[in-house]
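Quick note on numbering: UniProt numbering labels position 73 of the sequence shown as 73, and the sequence is numbered without any gaps.
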Amino acid sequence: MADFLGMMKQAAQLQSKMQEMQEQLANVEVEGISGGGLVAVRMTAKMDVKGIKIDPSLMKAEEREVLEDLLVTALGDARRKAEAAMQEKMQSLTGGLGLPPGLFGQ
Numbered sequence: 001m002a003d004f005l006g007m008m009k010q011a012a013q014l015q016s017k018m019q020e021m022q023e024q025l026a027n028v029e030v031e032g033i034s035g036g037g038l039v040a041v042r043m044t045a046k047m048d049v050k051g052i053k054i055d056p057s058l059m060k061a062e063e064r065e066v067l068e069d070l071l072v073t074a075l076g077d078a079r080r081k082a083e084a085a086m087q088e089k090m091q092s093l094t095g096g097l098g099l100p101p102g103l104f105g106q
């Protein structure tokens, strides 16, 4: 019975910490870059895009396809960094709770 109560206490702690983490993730920003800095995308660790910067040299009609490709690459880079930031937060959240590895996508 003591194990069950301990697990319930851990679950309550985890739920509280998950809520805190979700709030923190909205404030963590990463920047994805492509084309050697010609395109940059800022997003939160919750995958909300906050801004896009495009070097003026790419603002030519004949460079449209290049720009589109660089945007896709920069968004992918930002997404990977946001996922890494989220994973890091999850690691710090669940690390002290004695949960098995692999739980919550770790």
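Don't be surprised by glycine CBs; every beta carbon is placed ideally from N, CA and C. Predicted model, so just to flag it, every value in this text is computed and none were measured.
Where Ser-40 sits in the DSSP three-state scheme: Stepping through the sequence shown from its first residue, residue 40 is reached at position 40. The displayed chain sequence assigns Ala, not Ser, to residue 40. The answer is strand: DSSP assigns Ala-40 an E or B state.
CB-CB under 8 Å to Gly-37, same chain, minus the five flanking residues each way: which ones, in chain order? Taking the first residue of the sequence shown as position 1, residue 37 is located at position 37. Cβ neighbours of Gly-37 beyond the five flanking positions: Asp-55.
For Leu-43, is the classification buried or exposed, using 16 other Cβ atoms within 10 angstroms of its Cβ as the cut-off for buried? Taking the first residue of the sequence shown as 1, we reach residue 43 at position 43. Note on residue identity: the sequence assigns Met, not Leu, to residue 43. It is buried - the Cβ of Met-43 has at least 16 other Cβ atoms within 10 Å.
Leaving out five residues on either side along the sequence, give the residues of the same chain with a beta carbon under 6 Å from the beta carbon of Val-41. Looking up residue 41 in the sequence shown gives position 41. Correct list, in chain order: Gly-32, Ile-52, Ala-74, Leu-75 and Ala-78.
Using the Cβ count rule (16 or more neighbours within 10 Å means buried), how would you classify Ser-16? Taking the sequence shown and counting its residues from 1, one reaches residue 16 at position 16. It is exposed - the Cβ of Ser-16 has fewer than 16 other Cβ atoms within 10 Å.
Measure the alpha-carbon distance for Leu-93 versus Ala-11 and round it to whole angstroms. Start at 1 with the first residue of the sequence shown, and residue 93 comes out as number 93. Start at 1 with the first residue of the sequence shown, and residue 11 comes out as number 11. Separation of Leu-93 and Ala-11 (C-alpha to C-alpha, rounded to the nearest whole angstrom) is 12 Å.
Which of helix, strand or coil DSSP assigns to Lys-60: Your numbering for residue 60 matches position 60 in the sequence shown. Reduced to three states, the DSSP call for Lys-60 is coil.
Look at the Cβ atom of Met-18, then the Cβ atom of Ala-45, and state whether they are nearer than 9 Å. The residue you call residue 18 lines up with position 18 of the sequence shown. The residue you call residue 45 lines up with position 45 of the sequence shown. Going by C-beta atoms, Met-18 is not nearer than 9 Å to Ala-45.
For Val-30, name the three-state secondary structure that DSSP assigns. As a working mapping, residue 30 is identified with position 30 in the sequence shown. Looking at Val-30 - three-state DSSP - the assignment turns out to be strand.
DSSP three-state label for Lys-46, please. Within the sequence shown, residue 46 is the residue found at index 46, counting from 1. In the structure shown, the three-state DSSP call for Lys-46 is coil.
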